[in-house]
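Protein chains in written order, with the numbering used here: chain A, 10 to 123; chain B, 21 to 130.
Glycine residues also receive a C-beta, built at the ideal position from the N, C-alpha and C atoms.
Here the structure is a predicted model, which means the values were calculated and not measured.
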Amino acid sequence: EPEVTQTPSHQVTQMGQEVILRCVPISNHLYFYWYRQILGQKVEFLVSFYNNEISEKSEIFDDQFSVERPDGSNFTLKIRSTKLEDSAMYFCASSDPQGVDTQYFGPGTRLTVL
Amino acid sequence: RKEVEQDPGPFNVPEGATVAFNCTYSNSASQSFFWYRQDCRKEPKLLMSVYSSGNEDGRFTAQLNRASQYISLLIRDSKLSDSATYLCVVSGDSSYKLIFGSGTRLLVRP
Chain A
10 EPEVTQTPSH QVTQMGQEVI LRCVPISNHL YFYWYRQILG QKVEFLVSFY NNEISEKSEI
70 FDDQFSVERP DGSNFTLKIR STKLEDSAMY FCASSDPQGV DTQYFGPGTR LTVL
Chain B
21 RKEVEQDPGP FNVPEGATVA FNCTYSNSAS QSFFWYRQDC RKEPKLLMSV YSSGNEDGRF
81 TAQLNRASQY ISLLIRDSKL SDSATYLCVV SGDSSYKLIF GSGTRLLVRP
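Quick look at the structure:
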């Protein structure tokens, strides 16, 4: 069964450093998303991406965040200057054109900012 | 008012029990509704979609009441493996972003 993959599974970084989280969505999917979940809290939407551009972003997704689809398979989330409060699980998700609101999630990257 | 509201639980039930979870949502223009399951420190996994008057998948039944903005999930004949957090999720009125509830924790004991 096709699945979304994410790397790394765990990233530890120092405050102020840049991190790039990587995702490989399901191959025939065209809509891509990033969500985050701070420990003990609910899953929160960050950004959606379609046709090589951001289609929607939340208030959390400020200028420190960016997304990119550098090639035909990867989808990345970059945080330019990490803060302590960026520590969370980051989930990538994708959906296909027929079921755009049925999203399948990757296993997540646990980001720890020290 | 929270966009999606759920009782956090935990619901502690014996194997074989029937358990029901409820959820309310605030945006009457929401288009799509889902139940996801999340195990500890894992990703949310789609359990079932709820698009119209209801949906059944084996031991799981979901109901939607648009007038009351209320969604429910019924689990019959609970198994130990059903222990998890159940997330009520709605999609936006004009977007595909998913809005999650905080989840209801279920513990099924032997």
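Assign residue i to one of two classes, buried (16 or more other C-beta atoms within 10 Å of its C-beta) or exposed (fewer than that).
{"i": "residue 115/A", "result": "buried"}
{"i": "residue 19/A", "result": "exposed"}
{"i": "residue 124/A", "result": "No information on residue 124/A is available, as it lies outside the stretch 10 to 123 that chain A covers here."}
{"i": "residue 61/B", "result": "exposed"}
{"i": "residue 82/B", "result": "buried"}
{"i": "residue 25/A", "result": "exposed"}
{"i": "residue 50/A", "result": "exposed"}
{"i": "residue 47/A", "result": "exposed"}
{"i": "residue 30/B", "result": "exposed"}
{"i": "residue 112/B", "result": "buried"}
{"i": "residue 38/B", "result": "exposed"}
{"i": "residue 102/A", "result": "buried"}
{"i": "residue 104/A", "result": "buried"}
{"i": "residue 102/B", "result": "buried"}
Kindly list the residues whose CB is nearer than 6 Å to the CB of residue i, restricted to its own chain and excluding five residues on each side of it in sequence; keep chain order.
{"i": "residue 57/A", "result": "42, 64, 65"}
{"i": "residue 39/A", "result": "106"}
{"i": "residue 45/B", "result": "24, 89, 110"}
Between residue i and the rest of its own chain, which residues show a CB-CB distance below 7 Å, the 5 nearest in sequence each way excluded?
{"i": "residue 79/A", "result": "85"}
{"i": "residue 122/B", "result": "26, 28"}
{"i": "residue 21/B", "result": "46"}
{"i": "residue 32/B", "result": "127, 129"}
{"i": "residue 36/B", "result": "97, 98"}
{"i": "residue 66/B", "result": "54, 56"}
{"i": "residue 10/A", "result": "none"}
{"i": "residue 82/A", "result": "33"}
Looking at C-alpha atoms only, which residue of the options is the closest neighbour of residue i?
{"i": "residue 25/B", "options": "93/B, 42/B, 105/B", "result": "42/B"}
{"i": "residue 104/B", "options": "125/B, 116/B, 91/B, 86/B", "result": "125/B"}
{"i": "residue 69/B", "options": "114/B, 57/B, 129/B, 38/B", "result": "57/B"}
{"i": "residue 108/B", "options": "118/B, 101/B, 99/B, 100/B", "result": "118/B"}
{"i": "residue 70/A", "options": "23/A, 45/A, 122/A, 50/A", "result": "45/A"}
{"i": "residue 31/A", "options": "88/A, 10/A, 61/A", "result": "88/A"}
{"i": "residue 79/B", "options": "34/B, 64/B, 96/B", "result": "96/B"}
{"i": "residue 27/A", "options": "12/A, 72/A, 36/A", "result": "72/A"}
{"i": "residue 120/A", "options": "14/A, 92/A, 96/A", "result": "96/A"}
{"i": "residue 89/B", "options": "64/B, 110/B, 75/B", "result": "110/B"}
{"i": "residue 33/A", "options": "14/A, 68/A, 122/A", "result": "14/A"}
{"i": "residue 98/B", "options": "112/B, 40/B, 23/B, 22/B", "result": "40/B"}
{"i": "residue 117/A", "options": "100/A, 111/A, 108/A, 110/A", "result": "100/A"}
{"i": "residue 34/B", "options": "100/B, 116/B, 120/B, 106/B", "result": "100/B"}
Skipping 5 residues on each side, what residues in its chain have a beta carbon closer than 8 Å to that of residue i?
{"i": "residue 75/A", "result": "86, 87, 89"}
{"i": "residue 22/A", "result": "28, 91, 120, 121, 122, 123"}
{"i": "residue 60/A", "result": "39"}
{"i": "residue 114/B", "result": "49"}
Looking at the ligand GDP, does it come within less than 7 Å of residue i, judged from the CB to the closest heavy atom?
{"i": "residue 44/B", "result": "This structure lacks the ligand GDP, and indeed carries no ligand of any kind."}
Quiz prompt | Cβ-based contacts, 9 Å cut-off: residues of the region 109 to 121 of chain B near chain A | solution = 109, 111, 112, 115, 116, 117, 118, 119, 120, 121
Exercise. Would you list, in chain order, the members of the region 46 to 66 of chain B that have their beta-carbon closer than 9 Å to a beta-carbon of chain A?
Key: 51, 52, 54, 56, 58, 61, 62, 63, 64, 65, 66
Quiz item: Of all the residues that make up the region 21 to 54 of chain A, which are near chain B by a beta-carbon distance shorter than 8 Å?
Solution: 40, 42, 44, 50, 51, 52, 53, 54
Quiz item: Going along the region 105 to 119 of chain A in order, which residues come within less than 9 Å of chain B, judged by CB to CB distance?
Solution: 108, 109, 110, 111, 112, 113, 114, 115, 116, 117, 119
Quiz item: Given a limit of 7 Å on CB to CB distance, which residues of the region 62 to 80 of chain A reach chain B?
Solution: 65
Quiz item: What are the uninterrupted segments assigned as beta strand (DSSP E) that are 3 or more residues long and contained completely in the region 48 to 105 of chain B, given in chain order?
Solution: 53 to 58, 64 to 70, 74 to 77, 80 to 85, 90 to 95
Self-check item: beta strand (DSSP E) runs wholly inside the region 48 to 116 of chain A, at least 3 long, in chain order
Solution: 53 to 59, 62 to 66, 74 to 77, 84 to 88, 97 to 104
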